[in-house]
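Q:
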Amino acid sequence: MHLASLHTKPLLLLRLTMAIAFVACLWRNSVRGEAMRAVVAEHRSLLTPAKQAFSIWGLIYSLLFVFVGRECVYPSLALAPAHAQRIYGLFIASCVFNMMWLEVFSRDYIVWSFPVILALWAITGALYGTVATLVKPPALYEALAIRPRYVYECTGLSDYICLRLPFTLYFSWTCGATLINLTVSLQGIGFELGSFVYVGLLAVLLAMHIAALSVNGDIVFGAVGIWTLTWLVVKQSPELSPIDAHYLEIIQLAAGIGVGLLVAVIGGLFLIGCYIRRYAPEAAHMDASGGKNANISMYGTL
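Residue numbering for the sequence shown is 1 to 302, as defined by UniProt numbering.
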């Protein structure tokens, strides 16, 4: 790609706006952090994992910093300007809604916080979907994906680390945060949550992670699910009422099953992928009569 196309006025303006939005997002998170912790303590959800799980935010923001810094200083040469504009624009929107959610939730407008985080979930999902189709993942992903892609715009390891990995972690974690926010919002309007609601939401979360594993072979996405569910399993909440303690036991049992299922899916997809790549290409080269007619497009160029 010609270097001049990386430094057009629209792209330069978007990079500047992106950097400002990210710095503002970090600043508001720092300022409203104490208020956030107070509101979270007041509005507890049985789906909230142990507090150690939230240390993943440090990794997410560190990788987002890498993304912003790299794109502002030395942007990807492989990324088409139109795709760069889309990613930059979505990232700016994610920063705006991140700050909006922080302000609304930390000021105890719990019910109104859900539409905001739902919008943030949709934006981060669009970001993940974009980079997942543009940026080539490690070879292991192709061994896990049921139908792996073979054509990517960005194929370098640096593009994976700086473009795809940050938004994989961000969206995967936001999936769980959105469902937790939903339970808190429902409680805020007086809705009584039974164990079937909690288990149903865990099933939705598990389905998201299994879909990412099956479609993209995205082991990082699945690993975030394992991380979240594991910290939910080990959470200790001795101050709960007897009924909530009973619900928590059911939730932790379901979460433990979810962890085992995600691990099994990763292992199963790997074995299936190895089998397909070992035997399917041979079958694809043979017609019904044992001839040499090949249909190699099914699994890529051989």
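Every residue, glycine too, gets a C-beta built ideally from N, C-alpha and C. Just so we're clear, the structure is a prediction, and the values are computed from it rather than from any experiment.
Would you identify the three-state DSSP class for V263, choosing helix, strand or coil?
A: Along the sequence shown, read from residue 1 onward, the residue named residue 263 stands at position 263. In the structure shown, V263 sits in a helix (DSSP, three-state: H, G or I).
Q: Find the nearest neighbour of L47 within the set L193, N29 and A132, judged by alpha-carbon distance.
A: One-based indexing of the sequence shown puts residue 47 at position 47. The alpha carbon of L47 has as its nearest neighbour, out of L193, N29 and A132, the alpha carbon of L193.
Q: So what does L116 bridge to, in DSSP terms?
A: Reading the sequence shown from its first residue, position 116 is the one you call residue 116. According to the sequence displayed, residue 116 carries Val and not Leu. Paired residue(s): none; V116 is not in a bridge.
Q: Taking only runs of the alpha helix (DSSP H) that begin and end inside the region 155-241, which ones reach a length of at least 4 residues, in chain order?
A: 165-188, 195-216 and 219-233
Q: For T104, which residues does DSSP report across the bridge?
A: Working through the sequence shown from its first residue, we reach residue 104 at position 104. Sequence inspection shows Val at residue 104; the Thr mentioned does not correspond to that position. Per DSSP, none; premise fails for V104.
Q: For the alpha helix (DSSP H) containing S45, list its first residue and its last residue.
A: Counting from one through the sequence shown, the residue named residue 45 turns up at place 45. Unbroken run through S45: none, as it is neither H nor E.
Q: How is V31 classed by DSSP in three states: helix, strand or coil?
A: Translated into positions along the sequence shown, residue 31 becomes position 31. Helix, per DSSP.
Q: Restricting to Cα atoms, I'd like to know which of S214, L79 and S62 is closest to Y152.
A: For the purposes of this step, residue 152 is taken as the residue at position 152 of the sequence shown. Checking every option, the nearest Cα to that of Y152 belongs to L79.
Q: Determine the DSSP secondary structure at L127, reduced to helix, strand or coil.
A: Counting from one through the sequence shown, the residue named residue 127 turns up at place 127. Residue state, collapsed to three classes: helix.
Q: F65 lies in the alpha helix (DSSP H); which residues open and close that run?
A: Residue 65 sits at position 65 when you count from the first residue of the sequence shown. Its alpha helix (DSSP H) spans residues I56 to V73.
Q: Would you mind working out which of T183, S195 and V135 sits nearest D244, comparing C-alpha positions?
A: Translated into the one-based positions of the sequence shown, residue 244 becomes position 244. The option with the nearest alpha carbon to D244 is S195.
Q: Please determine, among Y275, L163, I251 and E103, the residue with the shortest C-alpha to C-alpha distance to S30.
A: Here residue 30 refers to the residue found at position 30 when the sequence shown is read from its first residue. That would be E103, whose Cα lies nearest to the Cα of S30.
Q: What separation, rounded to the nearest whole angstrom, lies between the Cα atoms of G258 and G156?
A: Walking along the sequence shown from the start, residue 258 turns up at place 258. Walking along the sequence shown from the start, residue 156 turns up at place 156. Cα-Cα distance, rounded: 33 Å.
Q: By Cβ distance, which residues of its chain are closer than 8 Å to V233, with the 5 residues on each side in sequence left out?
A: Residue mapping note: residue 233 aligns to position 233 of the sequence shown, counting from 1. Excluding sequence neighbours, V233 sits near Q252, A255, G256 and V259.
Q: By Cβ distance, which residues of its chain are closer than 7 Å to D159, with the 5 residues on each side in sequence left out?
A: Mapped onto the sequence shown, residue 159 falls at position 159. Closer than 7 Å at Cβ, skipping near neighbours: S76, A78 and V135.
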